[in-house]
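So the protein lines, in turn, are chains A and B.
Positions 4 to 677 (my numbering) are the ones given, in order, by the first sequence.
Positions 4 to 677 (my numbering) are the ones given, in order, by the second sequence.
All C-beta atoms, glycine included, are put in the ideal place defined by N, C-alpha and C.
Protein chains: 2
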Amino acid sequence: VAIGPVTARNRFYQVPHCTGMGHLRPQAVAALREMKAAGGWAVVSTEEAEIHPSSDLSPYPEQRIWDQRDLPALRLITDAIHRHDALAAIELVHNGNNAPNLYSRLPPIAPVSMSLSSDYPKQARQMSIEDIQQLRRWHRDAAVRARDAGFDIVYVYAGHLMTLAQHFLLPTINQRQDCYGGSLENRVRLLRELIEDTKDAVGQHCGIAVRLAVDELAGSEGMQASEEGSAVVEMLADLPDLWDVNVADWSNDSATTRFVPEDGYQISYIEFVKSKTAKPVVATGRLNSPDLMVSLVKRGIVDFIGAARPSISDPFLPNKIKSGDISEIRECIGCNICVSSDSLGVPIRCTQNPTMGEEWRRNWHPETIDAARTAVDTLVVGAGPAGLECALQLAQRGHRVQLAYETAEAGGRVLAESRLRGLGAWLRVRDYRMQKLQQHSKVQLFPDNTLSANDIAELDCKAVFIATGAKWRRDGIGRSNRKGIQSPASPLIYTPDDILKDENLPDGNILVYDDEHGYLGGVLADHLSHQGHAVTLVTSASIVSPWTVYTLEQHRIQARLIDQGVAIYPNLVIDSSTDSSVLFKCVFSGQPTELECAATILVTERVSNDELFHELRSRPAVNHHIERIGDALAPGLIADAVFSGHLAARDYQATQHEIEDAWYKRELPALTPW
Amino acid sequence: VAIGPVTARNRFYQVPHCTGMGHLRPQAVAALREMKAAGGWAVVSTEEAEIHPSSDLSPYPEQRIWDQRDLPALRLITDAIHRHDALAAIELVHNGNNAPNLYSRLPPIAPVSMSLSSDYPKQARQMSIEDIQQLRRWHRDAAVRARDAGFDIVYVYAGHLMTLAQHFLLPTINQRQDCYGGSLENRVRLLRELIEDTKDAVGQHCGIAVRLAVDELAGSEGMQASEEGSAVVEMLADLPDLWDVNVADWSNDSATTRFVPEDGYQISYIEFVKSKTAKPVVATGRLNSPDLMVSLVKRGIVDFIGAARPSISDPFLPNKIKSGDISEIRECIGCNICVSSDSLGVPIRCTQNPTMGEEWRRNWHPETIDAARTAVDTLVVGAGPAGLECALQLAQRGHRVQLAYETAEAGGRVLAESRLRGLGAWLRVRDYRMQKLQQHSKVQLFPDNTLSANDIAELDCKAVFIATGAKWRRDGIGRSNRKGIQSPASPLIYTPDDILKDENLPDGNILVYDDEHGYLGGVLADHLSHQGHAVTLVTSASIVSPWTVYTLEQHRIQARLIDQGVAIYPNLVIDSSTDSSVLFKCVFSGQPTELECAATILVTERVSNDELFHELRSRPAVNHHIERIGDALAPGLIADAVFSGHLAARDYQATQHEIEDAWYKRELPALTPW
């Protein structure tokens with residue numbers, strides 16, 4: 004498929020996505036992009052690349068193309084992509100008021116004077132006509148540098164509510180009185196000029212792509228695909244060489260399965276695009292399923308299957324489709340752990356693909372793993388995310404694996420949590436692994452199997468991996484209260500484990516107390532109120548499920564709970580309970596609040612189920628390798644558990660030195676004088 | 004003064020403090036530390052230095068001494084400090100559950116299994132005896148590396164509630180049943196061993212310092228100086244070579260003037276220390292005043308005058324005292340802008356010292372500035388923070404400066420805001436500059452002077468700097484609402500400018516609406532309620548003054564407002580008003596809330612006062628340099644305004660190329676294979 008002067012070898016297109024690596028970790032990001040190209044993506048894009056120090060996203064490490072000195076690092080990326088005959092795309096950006104410029108210290112700029120998008124109490128200044136001319140020059144110069152760095156496709160980026168080109172488009176923001184404000188034609192002017200400039204500068208060598216959010220998903224309060232969204236595409240029609248279309252803001256484009264379970268959820272917004280342009284179109288929206296992909300191309304809705312998250316979950320998705328190994332695809336569960344890494348400014352992680360972000364540092368490959376030095380008999384106890392992943396990778400390495408678990412059905416916490424409202428897609432973590440384990444000649448599964456230390460000793464396996472998970476505390480001890488509940492009236496108290504086991508709750512008000520601050524407290528409140536319970540959510544945080552800010556879900560969670568009538572009490576720490584009420588104290592003032600309830604569910608901390616581990620370790624006779632993994636080692640996210648299981652399988656039989664190499668491998672600043 | 008085997012040349016001691024640079028910006032941090040040494044500090048310390056990947060504070064760039072490869076960067080620092088005959092100290096640390104290990108992916112560790120200190124839903128695991136032995140080995144190895152990197156003093160760090168050595172001390176955290184838990188002797192064991200190990204490893208060459216928080220300022224709920232705090236010092240007495248004592252947590256150690264206005268506020272907690280040890284003692288607590296310093300040494304309370312923030316505000320404080328230039332000292336205003344930079348993970352900034360963090364990148368020196376290429380007549384319009392700083396630096400460069408301002412008294416917004424409750428110390432920003440301007444032979448001050456564009460044209464200055472500030476919007480437009488208030492009943496509406504001008508407020512409930520999220524909304528609510536008004540604070544944020552989380556003040560602000568009876572309504576955006584009430588909508592659900600009030604103060608956005616600038620620029624005849632600075636260019640913090648004024652004075656007469664050099668100067672990752 005031709006994209007201006009360049010040609011993509013197939014229809015799989017990795018659209019720009021963040022990695023939490025960017026300009027800080029050039030070798031790591033090059034290896035990550037190379038894996039995508041090796042996996043069959045015909046186009047592999049960078050994250051957004053700041054074109055100028057007035058678009059400085061520090062401390063967040065996106066890509067950077069401020070000047071010539073950025074080119075060697077970018078060249079690592081293009082060389083890596085070209086080694087596999089893929090096209091390298093770069094997403095040039097000026098972030099306007101989304102860039103606080105905390106490093107460069109330049110005053111941020113915007114169509115009008117306005118607050119930064121972050122909470123820093125500083126405003127962007129309104130751009131003058133000279134500023135706009137200067138911006139165009141910066142963009143043009145960056146395009147030339149991008150070409151020189153070897154990129155085949157250069158983006159003009161108007162999406163995610165994060166870029167100047169889009170800010171100028173939107174009448175809610177752009178209240179200018181000059182030729183860049185007012186009519187749609189005026190508001191489109193900057194975007195048109197940036198495309199024209201880029202074509203003029205590098206259009207002979209590079210395809211020019213436009214990434215446009217055609218709908219803000221805010222109804223008539225924002226841009227709509229049926230109104231100005233399509234008008235913009237129609238006005239610019241064949242000017243760019245490719246349309247990469249999506250919805251804004253980022254939380255809508257990268258919606259989680261918890262709130263938007265349908266794969267391909269952006270189709271209804273973007274299906275008009277092909278009717279307005281003769282140029283190729285790429286779109287996204289969690290396109291995991293090959294059937295859906297074929298249908299989208301056949302129906303003439305898109306020319307390219309775009310992917311960010313599915314390409315993270317499975318970099319080899321295109322090759323697997325090509326070779327017909329559909330069942331091998333590691334499907335994205337739509338949890339946004341990948342996004343959370345970027346939100347935190349650390350290298351990208353993925354629940355499904357524990358090798359993501361480890362391509363360079365650990366030299367991990369998502370599809371291959373070193374054969375065992377000596378194949379041995381191994382035992383994995385527990386079939387949650389850590390145990391399943393560990394068992395699978397041990398088997399792939401050639402070890403014989405016995406996987407024993409207490410329950411009839413495998414999955415552990417993933418199985419349990421997937422029954423909660425919105426988390427159904429998370430079961431893919433288990434299904435992908437179980438399907439492979441069940442077929443694996445080296446693997447024996449032992450469901451309904453509770454092993455004692457004696458049993459394990461008798462099995463005489465060379466290596467035992469204890470993946471027995473963790474249980475929630477029942478005493479109230481947590482981040483905000485290390486003493487626990489005073490005088491607890493125990494009949495009132497439940498833990499998330501009780502709910503996950505479908506224990507019956509009494510009638511009356513159910514109080515969910517969240518001192519963990521992850522997702523579970525909010526999920527339980529949602530689930531129980533949806534089931535018809537009267538629910539009150541009390542949390543020591545100021546908002547519901549604060550960690551989910553990083554996964555772009557927090558505002559949806561709180562909105563849904565409010566809509567369902569859940570009473571929300573923030574800023575309260577549990578203190579004591581009676582048989583009909585719980586007493587809390589304000590985290591700021593210590594002022595008491597007493598709430599009546601029929602039951603209280605404590606989402607506080609967890610205790611690892613490590614009795615078996617300690618019993619095995621205490622046996623003088625046992626010289627075998629005994630290791631805890633996942634929540635049994637340290638309770639964390641499902642992604643942490645999968646990684647822990649994967650790591651243990653990779654590291655088994657490695658020397659301490661080999662293991663430590665990966666901790667210490669990092670990219671250090673050059674100490675050469677500037 | 005001897006510190007074990009090394010000797011400090013005077014009693015000025017820069018204790019460890021963060022810079023937001025750390026391992027990411029080695030050249031910048033070396034230049035910063037060198038400036039302290041050049042300014043007369045006998046000891047210059049690093050920020051905390053992670054000893055191992057299991058203490059990985061990513062994305063926050065503190066110092067790092069994981070392995071040999073960190074030594075070249077650390078050597079830059081020690082060489083820089085030694086060039087000025089100062090001693091270089093390094094603060095070794097293991098952060099326990101304060102380290103989320105988001106880069107290294109190692110499971111965090113703690114005395115007991117417990118939540119991370121951040122909101123990431125992952126727990127640290129309880130350290131085994133083997134883990135403790137390993138920790139001691141890591142610490143010992145790091146001490147040897149520190150010595151090899153040229154450090155003269157090596158710290159064992161038990162403070163700020165951020166380190167394992169302190170976590171073991173505290174019974175609220177350390178509930179261990181083994182020889183490291185229980186009795187105080189057991190809880191001190193790890194700290195004692197770390198000191199012994201460090202002495203044993205490097206004590207021949209290096210002084211061994213202990214940084215200990217002797218009081219948690221939590222009464223009997225935490226460690227108290229009068230109880231276990233002094234018992235710990237007594238038990239370890241002469242084991243370390245130096246005691247660096249303070250209070251925990253960080254928000255108490257680095258208290259702002261807004262809440263703790265007294266300089267030397269830690270003295271009552273640490274004054275016992277000298278009675279328990281024969282070793283030298285250093286302490287801090289905003290020790291700005293030479294009189295206080297002398298008294299502390301004379302009274303035998305400390306041997307060293309410790310400083311973090313005063314050394315940031317004035318790196319040359321020791322030299323100025325030595326030379327008797329007391330009035331030249333640029334006193335710290337205790338605003339914690341320095342801390343906010345570290346909280347954000349970006350290079351350190353300072354309200355009083357705009358050169359802080361710019362030593363390497365811009366080659367700025369806090370005490371000297373390049374002479375003008377050609378000294379000319381300049382005019383500065385406005386005597387707020389930007390105008391004062393610009394005028395002062397222009398004069399220092401040798402230009403003739405006329406400083407005209409509309410009011411009788413100089414200071415602009417600093418003067419106005421300093422009248423609000425708690426912000427009195429901020430007036431030092433004006434006083435330091437005015438005192439120097441008034442004495443400067445090149446400067447003429449014109450108070451009570453409103454200049455028109457015609458007046459300015461007649462003055463015929465070569466350069467005009469417009470520092471006319473900004474005014475607060477009265478229409479409700481802000482970050483959460485770009486349409487403003489619908490049908491505003493104007494008699495109700497006030498802006499912060501009205502309050503700063505002491506406009507009389509009506510009786511009845513005063514509603515402060517904060518859509519800015521900086522400090523001012525919270526300050527106004529505090530100020531007015533303290534004056535006796537009934538105050539309601541409504542904010543589009545989830546907490547009061549969210550940006551102040553970065554300055555470590557947020558919890559104090561919200562606690563004080565609650566204590567003063569201010570009603571707080573979070574998560575609301577202004578919608579419309581009547582003549583007796585305001586209607587808000589929930590940011591999550593859109594649900595309405597109507598609040599009765601006698602007056603509403605809108606803290607939303609500001610509009611630059613740039614009419615004069617635009618009028619001057621539109622005159623065809625004027626070829627002179629005309630530049631906006633500070634809030635007149637882009638409203639921001641006082642620190643941003645001071646920087647803007649300083650930058651304009653430095654950059655005046657520079658070429659665009661020279662100006663741009665500083666934007667692009669940065670430390671890039673080495674691309675060499677690992």
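- In the three-state DSSP reduction, Q441 of chain B falls in the helix class (H, G or I).
- The C-alpha of S580 of chain A lies about 16 Å from the C-alpha of L540 of chain A.
- Assignment of S343 of chain A by DSSP, reduced to helix, strand and coil, places it in the helix class.
- Taken through DSSP and simplified to helix, strand or coil, M296 of chain B comes out as helix.
- Of all alpha-carbon atoms in B:V236, B:D200, B:H208 and B:G210, the one lying nearest the alpha-carbon of V217 of chain B is that of B:V236.
- Chain A has a Cβ within less than 8 Å of the Cβ of I565 of chain B.
- Residues are counted here when their Cβ sits less than 9 Å from a Cβ of chain B; for the segment 168-199 of chain A these are T175, I176 and Q178, given in chain order.
- Under the DSSP assignment, N249 of chain B falls outside any alpha helix (DSSP H), being part of the beta strand (DSSP E) whose first and last residues are L245 to V250.
- DSSP places A240 of chain A in the coil class of the three-state scheme, outside both helix and strand.
- Three or more beta-carbon pairs separated by less than 8 Å link the segment 648-662 of chain B to the segment 621-637 of chain B, which places the two stretches in contact.
- For T542 of chain B, DSSP records a beta bridge to B:D517.
- Taking C-beta atoms under 8 Å as the contact rule, Q207 of chain B and P369 of chain B fail to qualify, at a distance of about 37 Å.
- Interface flag for K588 of chain B against chain A is unset, since no Cβ pair is found closer than 8 Å.
- Counting every other CB atom within 10 Å of its CB across the protein chains shown gives P75 of chain A a total below 16, marking it as exposed.
- Counted as a single uninterrupted DSSP element, the beta strand (DSSP E) harbouring G309 of chain A occupies residues F307 to A310.
- Every beta strand (DSSP E) stretch that sits fully inside the segment 56-133 of chain A and reaches 3 residues is listed by chain position as 90-96 and 126-129.
- Under DSSP, W475 of chain A shares a beta bridge with A:R609.
- Under DSSP, P595 of chain A shares a beta bridge with A:K588.
- Below the 7 Å Cβ cutoff, chain A contributes S61, P62, L105 and Y106 as neighbours of V349 of chain B, in chain order.
- The bridge partners DSSP lists for T603 of chain B are B:I496 and B:L514.
- In the structure shown, the three-state DSSP call for Y667 of chain B is helix.
- Taking a cut-off of 8 Å for Cβ pairs, the segment 93-100 of chain B and the segment 136-156 of chain B touch, as three or more such pairs fall below it.
- At a cut-off of 8 Å between beta carbons, A127 of chain B contacts chain A.
- With respect to chain B, the C-beta atom of Y572 of chain A has no partner C-beta closer than 8 Å.
- For the segment 537-568 of chain A, the set of positions with a beta-carbon nearer than 8 Å to some beta-carbon of chain B reads A544, S545, I546, P549, W550, H558, Q561, A562, I565 and D566 in chain order.
- Between the segment 356-369 of chain A and the segment 305-319 of chain A, the count of C-beta pairs closer than 8 Å reaches three or more; the two stretches touch.
- For the options A:S326, A:V300, A:G387 and A:I496, the alpha carbon positioned closest to that of A411 of chain A is the one of A:G387.
- Taken through DSSP and simplified to helix, strand or coil, N291 of chain B comes out as coil.
- Under the 10 Å beta carbon count, Q17 of chain A is surrounded by 16 or more other beta carbons and is classified as buried.
- With a 10 Å radius around the Cβ and a threshold of 16 neighbouring Cβ atoms, E334 of chain A comes out buried.
- Within chain A, W550 have C-beta atoms less than 7 Å from the C-beta of Y123 of chain B, given in sequence order.
- For L636 of chain B, the closest Cβ of chain A is nearer than 8 Å.
- With fewer than 16 neighbouring CB atoms inside 10 Å of its own CB, N507 of chain B falls in the exposed class.
- Per DSSP, the unbroken alpha helix (DSSP H) holding F646 of chain B starts and ends at I641 to D654.
- No Cβ of chain B is located within less than 8 Å of the beta carbon of Y516 of chain A.
- By the 16-neighbour rule on beta-carbons within 10 angstroms, A281 of chain B is exposed.
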